[in-house]
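When you line the sequence shown up against the numbering used here, it's residues -8 to 277, in that order.
For glycine and all other residues, C-beta sits at the position ideal for the given N, C-alpha and C.
In this text, all values refer to a predicted model and were calculated from it rather than measured experimentally.
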Amino acid sequence: MLQQFNHLMDYIEERLTEEISGGDISKIVGLSDYHFKRMFSYMAGMSLNEYIKNRRLSVANVELINGAKVTDVAFKYGYQSIEGFSRAFRDWSGFLPSEVAKNKIQKSFPKFIFYIDIRGGTSMEFKIEKKAKFHIVGVSKRVPIQFEGENQEIIELAQSITEQQRKEMHQLADLYPQQVLNVSYDFDDGFLEEKGSLTHMLGFATTKENPFQDLKQITIEESLWAIFPNRGPFPATLQETHAKIYSEWLPSSDYEVVDLPSISFTMYGDPSDNVYSEIWMPVKKK
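Below, the structure is given as structure tokens:
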């Protein structure tokens, strides 16, 4: 996988003045655009869009020092106006393009190269399990994307569940863990910049069809799942495990992610500093 990542870095480098499509990314790295961008974000500490923007501005900096006109550089790297380019360049470098051109101020942002850095000390417990097609029945809503802390909109969704809905969900629940699952899907494009929304469902896994008008149902197709148990302070441990899956486990494993909803559950009732959770990652063999 590291070879594909580095191939993509070369591909981007050759096309800094062009639009780079999600389809191009998927072909090179062998992952969906969404899953690759999520993995990149965890590994690189920034979104792919931010990386490309920084590389473009870094190369633009060199061209300005070498005498290129601000107008030409702005339009070359995809900005619709000099004002927009100047604002982005100043936010990145601390200087206006005209100041850089005049005073030969240099700032660089090197091209990324991915390699394995073995630091040791942390192991991840997981198991691979095949699950037949199943349904999740519950309630859902669009919620803002949030990487850290408890999402207030999800808390409000949980609080909105009526006693009748609880009874109906429990009637249908016939699959492990027979308690509430957190299911996320339909992410907006701004996911990795922590912008936009996703659909979040709180529901139970079941083999039964949903007969209730006040509940929604989604179907999860048969798949392999990498299941990661974790225990610790909530929600920090759960969020840290998500990050490690994408930044450490996936790049070194024999599996890749498939396009199914992201699922997790938490054993509520445990002490807040020692909560048991599981993350279910839909995968297939490379």
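- Measuring C-alpha to C-alpha distances from G58 to each of E200, P88 and H233 identifies P88 as the nearest.
- Pairing I19 with Y33 gives a Cβ-Cβ distance that is not under 7 Å.
- Beta-bridge annotation (DSSP): A196 is paired with I127.
- The residues I19, in chain order, have a CB closer than 7 Å to that of H(-2) in the same chain once the five nearest residues on each side in sequence are set aside.
- The way I'd put it, the region 196 to 206 does touch the region 117 to 128; three or more beta-carbon pairs between them come closer than 8 Å.
- At the C-beta level, L241 and P273 stay beyond 7 Å of one another.
- Residues of the same chain with a CB within less than 8 Å of the CB of P168, apart from the 5 flanking positions on each side, are A196, F256 and E269 in chain order.
- When the beta-carbon positions are compared, V134 and E144 come within less than 7 Å of each other.
- The closest CA to that of K93, considering only A234, K277 and N52, is found on N52.
- In summary, Y237 is buried, with 16 or more beta-carbon neighbours lying within 10 Å of its beta-carbon over all protein chains present.
- CA-to-CA, the gap between L172 and W83 works out to about 41 Å.
- Closest option to G14, judged by alpha-carbon separation, among E5, L229, Q204 and K28: K28.
- Positions of the beta strand (DSSP E) runs, each at least 3 residues long and wholly inside the region 25 to 92, cannot be given because no such run exists.
- Separation of the CB atoms of I73 and V61 is rounded to 6 Å, and the pair is thereby assigned contact status at 8 Å.
- For A217, DSSP records a beta bridge to I119 and M272.
- With contacts defined by Cβ atoms closer than 7 Å, E141 and I218 do not form a contacting pair.
- A distance below 8 Å between beta-carbons, with the five flanking residues on each side excluded, links L48 to the following residues of its chain, in chain order: Y68, A79, F80, W83, S84 and F100.
- The beta carbon of L166 lies closer than 7 Å to those of F125, A196, T197 and T198 in the same chain, with the five residues before and after it left out.
- Less than 7 Å divides the Cβ of E247 from the Cβ of K277.
- Residue environment for E4: exposed (fewer than 16 other C-beta atoms within 10 angstroms of its C-beta).
- In summary, R6 is exposed, with fewer than 16 beta-carbon neighbours lying within 10 Å of its beta-carbon over all protein chains present.
- Secondary structure note for E247: it is in no alpha helix (DSSP H), and the uninterrupted beta strand (DSSP E) holding it is Y246 to V248.
- If the five residues before and after Q156 are omitted, its C-beta is found closer than 7 Å to the C-beta atoms of V130, D205 and L206, all from its own chain and listed in chain order.
- When the Cα atoms are used, D179 and I254 turn out to be separated by approximately 17 Å.
- In the displayed model, T232 falls within a helix according to three-state DSSP.
- S38 is classed as buried because its beta carbon has at least 16 other beta carbons within 10 Å across all chains shown.
- Taking 7 Å as the cut-off, the beta carbon of M0 is found closer than this to the beta carbon of F103.
- A distance below 6 Å between beta-carbons, with the five flanking residues on each side excluded, links E213 to the following residues of its chain, in chain order: A123 and K124.
- For D261, the secondary structure class from DSSP, reduced to helix, strand or coil, is strand.
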